[in-house]
Every structure is written in structure tokens, then in C-alpha cells.
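The numbering used here numbers the first residue of the sequence shown as 120 and each following residue consecutively. All residues carry an ideal CB built from backbone N, CA and C; glycine is no exception.
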Amino acid sequence: MKIHVLAVGQRLPDWAEAACADYLKRFPPTQRVVLQTVKAEPRTDTRGAEACMAAEAERLRAALPKSAHVVALDERGQRCTTEQIAQRWQRWQHLGADVALLIGGPDGLNPALREQAHERLRLSDLTLPHALARVVLLEQLYRAWSIVHGHPYHRA
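Shown next as C-alpha cells:
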């Protein structure tokens, strides 16, 4: 299983780039986790959020691996503890497919794309800046991996 984190956005601040790179390199070579950014649609006075989210959804769909199990990150998604994310990780391993986690742009994910996802999760009850959401997601994925594999990173 390969984990794909597909995020709408621009270049991250240096601190977030460094944190994302740090968590990505912690995974062993046998567990591939990749972060891919797709271009955000420029917001204008004449182009509304709906049109922008639709364009971003097309870019996300184009970046999705074939037959991937799609998980949309959304403020209306299901709340999860770290241990529940680890349990999901174990279920994902048995799917026989890659997993793609989607992070929307400034207005979130296109509603149609969000509804087509196999799962919808929320990272927090708080509103997180986009860069921080990526860091939190990668950290939680690493923590879930560590729980599943008995690595001492997670101390319960």
C-alpha cells in the first residue's frame, strides 16, 4: 500500500516544508508515503468559490492513482482519535489498493468530489491553516504507522 497525500495549494512556508519533509523521511522504505501538491485555482472577483473548487477537483482527480481508496479531509468529516487512525491504517493495508488523502484549497473540497470519497475525516475541530493541516496529517500518519508496527514513537 502506498499513501498519497494530495493537497491543493501553493508553496508552503519553510517551516512547514521542513516539517513535512521530516515526517516523510521517517517512514521506512517499505512504507511509501508521498505528498503531491496540485495547483490552486486563482480566486478573482468574477470567479466564485464553486468554479474554483470544481477546477481544483479536476486536478485532484487527474492526480489520483487508479483504483485508490479515497479519503477526503473535511471539516464535516468523521472525528478520529490517533488510535482510530491507526485502526484505519490497518484496514487500508488489507484493501489491496493505494490510499489517497485529499486536502482541499482555501474553500475546501468540491462537494461532488467530497461525496465521491470512500471516507471523510476531519483532522481537528479547530480550523487549521493549510500548511499546518499538512504537517498534522503527516505526523498523524506517521504516528498511526508507529502504533501499527509497535514503534516507540507513540507512547500511550
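Unbroken beta strand (DSSP E) stretches of 3 residues or longer found wholly inside the stretch 217-274: 218-222 and 238-240, given in chain order. In the three-state reduction of the DSSP assignment, Glu160 falls in the coil class, being assigned neither a helical nor a strand state. Ranking Arg253, Val218 and Glu202 by CA distance to the CA of Trp134 puts Arg253 first. In the structure shown, Arg130 falls within a coil segment according to DSSP collapsed to helix, strand and coil. Between Leu220 and Leu228, the gap from beta carbon to beta carbon reaches 9 Å or more. Taking 9 Å as the cut-off, the Cβ atoms of Ala231 and Ala187 do not count as close. Listed in chain order, the non-local C-beta contacts of Ile122 below 6 Å within the same chain comprise Val152 and Val218, local neighbours out to five positions each way being set aside.
In the DSSP annotation of this structure, the continuous segment of the beta strand (DSSP E) that includes Leu192 starts and ends at His188 to Gln197.
Annotation: the continuous alpha helix (DSSP H) that includes Met172 extends over Ala168 to Ala182.
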